[in-house]
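Student: Residue numbers (the numbering used here): 231 to 537.
For each residue, glycine too, the CB sits at the ideal point set by N, CA and C.
The structure follows.
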Amino acid sequence: IIFEANPGAAVSDEDSIDRNEISERFKKILDEFDIENKFIKENKIKDKHSRQEFSNIKVQVPKDLSIPEILEDIFHSFIKDSLIIQSIEKVKGGKSTLSLKMGHSILLQAEFDYLKDYSRNKGYIAFILNDVDPSNASTVAMIESPAKLNSLIRPETKHLQHLEFISKSGQQFSVLIDDDITEQKYRLAANFSEQRIVTVIKTLVSDFQKAVCFIIDDNSNFYSSPNYEILKRELSKRNIKLFRKSEFVNLNYDETLIDSFNDRMESLGRSGSIVFLVSEESYVALDDEIKKYKKKGYRVITSSLIL
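Take a look at the structure:
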């Protein structure tokens, strides 16, 4: 095999890299974190090795976002290009530098520092999982996850053994009141006497004393009956919060789920809050969307902080 070499015509991998494309991809990552353009300063510098210009970018990072979060995304984005990625924390917990290289050539440099008087503060969201069975394996996995969730439980004796596990896992639960409660000691009905309603409420409050709140299905017969006023009175006497299901944003598990979630998120005002009522299936299906909004500065918090 004979090769005819012409060193003057050869193009190295270093020279074939599109530095403008690298810069645009880098800035797209910053945009995903919703860092405003006014906090991003870019100028061009000529590389001593390749003699080609590359972007030198200074980024002021909002105080509610950590620099390592951004660096992690940059790493995952550019590592597949087989680039050399160098990052140095120049000031502990503060200023950091980043270099993207191909061989000896610098493709991009960046400096990150915190903007101490600015926070994105987009808004707060929380999730209540509707009508869950804490004995299901899928529910147990969610309770054990880092996500902050409020499990809405229809009262049954078999669920009592799981309540301590929910609390020890750092999660919350609430009690669902509707017409489908089957156990007599927890059942509330429109035709029950006041004395029986009061007795049931005492049992519910005692057995589910760590509940964040009670939530009633306002499409139920019990809600439409005079006995609902007794429930309100008895819970109020005990300083227990009572909400209607319609007070939360209910997202159905169907083809409109993602669009409905995005519409509500985009309408959320600065520092506003939303509590979503979703099924387990809906919450799992929304995982990628939730991560996207968290990157932009929306805070996912425990529902009790909003309720």
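Which of the three DSSP states, helix, strand or coil, is assigned to E283?
Tutor: Strand at E283.
Student: Extract the residue ranges of the beta strand (DSSP E) inside the region 436-483, only unbroken runs of 3 or more that lie entirely within it.
Tutor: Here the runs fully enclosed are 444-446, 472-474.
Student: Would you grab the beta carbon distance between P364 and I411 for me? Rounded to a whole angstrom, and I think it's under 8 Å.
Tutor: That belief does not hold up - the Cβ atoms of P364 and I411 are roughly 16 Å apart, past 8 Å.
Student: How far does the alpha helix (DSSP H) with D489 in it reach, from first residue to last?
Tutor: From DSSP, the alpha helix (DSSP H) with D489 extends over 487-496.
Student: Compare the beta carbon distance of S326 and S317 with 9 Å and say whether it is the shorter of the two.
Tutor: In contact: S326 and S317 (Cβ atoms closer than 9 Å).
Student: Do you know how far the Cα of P292 is from the Cα of T433?
Tutor: Each residue's alpha carbon lies about 49 Å from the other.
Student: Between S503 and the rest of its own chain, which residues show a CB-CB distance below 8 Å, the 5 nearest in sequence each way excluded?
Tutor: Correct list, in chain order: G353, Y354, I355, A356, I536.
Student: Pick helix, strand or coil for E272, following the three-state DSSP scheme.
Tutor: In this structure, E272 counts as strand in the three-state DSSP scheme.
Student: I'd like to check one pair, G527 with S349: are the Cβ atoms closer than 9 Å?
Tutor: Contact flag set, yes.
Student: Over the uninterrupted alpha helix (DSSP H) stretch that includes L301, give me the two end residues.
Tutor: Unbroken alpha helix (DSSP H) run through L301: 297-308.
Student: Taking just the CA atoms, how far does N451 sit from K525?
Tutor: Each residue's Cα considered, the two are about 43 Å apart.
Student: Roughly how many angstroms lie between the CA atoms of S280 and L337, to the nearest whole one?
Tutor: Straight-line Cα distance between these residues: approximately 10 Å.
Student: Over the uninterrupted alpha helix (DSSP H) stretch that includes Y513, give me the two end residues.
Tutor: From DSSP, the alpha helix (DSSP H) with Y513 extends over 510-515.
Student: Spatial neighbours of E477 within its chain, please: C-beta separation below 6 Å, excluding the five flanking residues on both sides.
Tutor: Closer than 6 Å at the Cβ level, and outside the excluded window around E477, lies no residue.
Student: Taking the beta carbon of P385 as the centre, do at least 16 other beta carbons fall within 10 Å, making it buried, or is it exposed?
Tutor: Counting Cβ neighbours within 10 Å, P385 comes out buried, since at least 16 surround it.
Student: CB L507 to CB N480, shorter than 9 Å?
Tutor: Cβ atoms of L507 and N480: closer than 9 Å.
Student: With V370 as the anchor, note down where its alpha helix (DSSP H) starts and where it stops.
Tutor: Counting along the chain, the alpha helix (DSSP H) containing V370 begins and ends at 367-374.
Student: Excluding the 5 residues flanking E272 on each side, which residues of the same chain have their C-beta closer than 6 Å to its C-beta?
Tutor: Hits under 6 Å: S285, I287.
Student: Give me the Cα-Cα distance between I300 and S312, rounded to the nearest whole angstrom.
Tutor: Distance between the alpha carbons of I300 and S312 is about 19 Å.
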